[in-house]
Amino acid sequence: MTTGTPDVRVRLDLSYDGTDFSGWAVQPRLRTVQGVVEEGLARIVRGHRPRLTVAGRTDAGVHASGQVAHLDLTASAWAALPGRSVRTPEAAFVDRLGGVLPGDVLVRRASLAPEGFDARFSAVERRYSYRVSDRPETRDPLTRRTVLWAKNPLDLALLTEASDALTGLRDFAAFCRSREGSTTIRTLLEFSWRREDRGPDAGLVVATVRADAFCHSMVRSLVGAVLAVGEGRRDLCWLMEVAESPRRTPRISVAAPHGLTLEEVVYPPDNEVASRAESTRARRALD
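Using the working numbering, the letters of the sequence shown correspond one by one to residues 250 to 536.
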């Protein structure tokens with residue numbers, strides 16, 4: 250940053266096809282969403298390479314239609330984005346970044362964030378969807394990158410019964426990859442299934458998974474465990490037994506990443522984002 254120039258925080262709303270990415274977070278010698286977007290940012294913002302903070306670090310192969318990130322720029326760098334054009338900095342940011350990013354990642358919107366906004370810690374909810382084709386007539390090669398082709402038909406009533414049993418506040422250690430010093434206690438706000446009857450997902454079985462936050466690999470583990478019940482390979486007693494495990498269990502098959510999409514990140518009103526970030530940081534520090 251340039252000394253003496255006030256900083257501005259920019260919120261980015263972005264989408265990506267996760268197929269050819271090794272997840273969100275930068276990793277040496279691997280193609281990641283963060284790495285690609287930060288390389289693009291370095292090309293349009295002179296003087297430094299901005300660093301991104303993201304709402305949710307998606308795994309390799311997982312997609313996003315509603316991901317959110319933020320970065321900090323100097324006020325002068327932000328004001329300089331339009332150059333000699335009459336565009337706003339917001340429009341110039343999106344246009345110029347779109348010109349340097351590959352086709353499998355898109356920044357849809359850039360905006361000045363409210364004071365105290367943090368893409369990760371200000372969030373109050375993340376919403377994912379998981380798409381499954383369990384019938385030959387619903388399989389489409391054009392959507393094979395975003396839809397799991399199940400081997401067996403799914404029983405929607407069993408899926409619903411199993412997912413309902415897991416909602417609420419509980420320790421999800423059985424479904425999470427452990428990270429030293431972090432908690433696996435989460436509030437699962439919704440875990441529901443429906444068979445779509447119209448639109449581009451017609452005929453597919455689609456899960457909606459909402460929580461205040463997710464630990465590593467949690468969504469795919471939840472989906473994998475419940476799919477085993479929905480296919481009739483396991484029963485509800487088995488699910489509840491493995492759910493009580495105090496640590497991650499190999500008895501759960503993690504669902505393939507390509508069926509999973511981060512659809513939305515929810516934030517409180519602008520005048521509450523700072524206090525939300527502060528309280529979330531404090532809670533995580535105690536984990």
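Don't be surprised by glycine CBs; every beta carbon is placed ideally from N, CA and C. Quick caveat, the model's predicted, so the values are computed rather than measured.
Closest to residue i by C-alpha separation, out of the options, would be which residue?
i    : options                   : result
A474 : P518, T498, A313 and A328 : T498
A359 : G365, G347 and D353       : G347
E521 : G365, V275 and D321       : G365
V257 : A291, A328 and G305       : A328
E287 : A318, T307, T268 and G332 : A318
C486 : T529, E410, F440 and C425 : E410
P449 : D389, R496, T457 and L415 : D389
F342 : F421, V294, T387 and T432 : V294
R426 : L418, C464, T268 and D420 : C464
G481 : L320, A291 and N401       : N401
D420 : W442, R384, M467 and A362 : M467
L361 : T392, P277 and E339       : E339
V275 : S264, R300, T268 and R292 : R300
R292 : L320, L350 and Q316       : L350
Tell whether a beta-carbon distance below 9 Å holds between residue i and residue j.
i    : j    : result
R459 : E374 : yes
V259 : F270 : no
V356 : D262 : yes
S371 : R483 : no
Y379 : G508 : yes
R469 : V455 : no
R394 : D266 : yes
L438 : D461 : yes
E512 : G452 : no
L198 : F440 : The question about residue 198 has no answer here: the residues shown for the chain are numbered 250 through 536.
V514 : A309 : no
T433 : F424 : yes
Y516 : T457 : no
A492 : L415 : yes
A531 : P363 : no
So for residue i, helix, strand or coil by DSSP?
i    : result
I501 : coil
D404 : coil
G272 : coil
G253 : With a pLDDT of only 44 at G253, under 50, the local geometry of the prediction cannot be trusted, and no value is derived from it.
S511 : For the record, residue 511 in the displayed sequence is Leu; it is not Ser. In this structure, L511 counts as strand in the three-state DSSP scheme.
T529 : helix
D450 : coil
L535 : A caution first: L535 carries a pLDDT of 40, below 50, which makes its placement in the model unreliable, though a value can still be read off. Here L535 sits in helix by DSSP.
A423 : helix
L207 : Any property of residue 207 remains undetermined from this structure, which presents the chain solely from 250 to 536.
E493 : coil
L350 : coil
R443 : strand
P390 : helix
F463 : coil
T307 : coil
A411 : helix
A291 : helix
E339 : helix
D484 : coil
S524 : helix
Less than 8 Å between the CB atoms is what I'm expecting for residue i and residue j, so what's the real figure, rounded?
i    : j    : result
S382 : A399 : 7 Å
A326 : G296 : 7 Å
L408 : A504 : Actually they do not touch by this definition, with Cβ atoms about 13 Å apart.
D344 : R336 : 7 Å
T307 : G272 : 6 Å
A368 : T302 : 5 Å
P495 : A422 : 6 Å
R298 : L290 : 7 Å
According to DSSP, what are the bridge partners of residue i?
i    : result
Y379 : A456 and L509
G315 : Answer is none; G315 lacks a bridge partner.
G417 : L437
A359 : L261
T323 : D256
E374 : V515
L397 : V381
Within 9 Å (strictly less), CB to CB, does residue i reach chain C?
i    : result
Y265 : Looking for chain C here will not work: only one protein chain is present.
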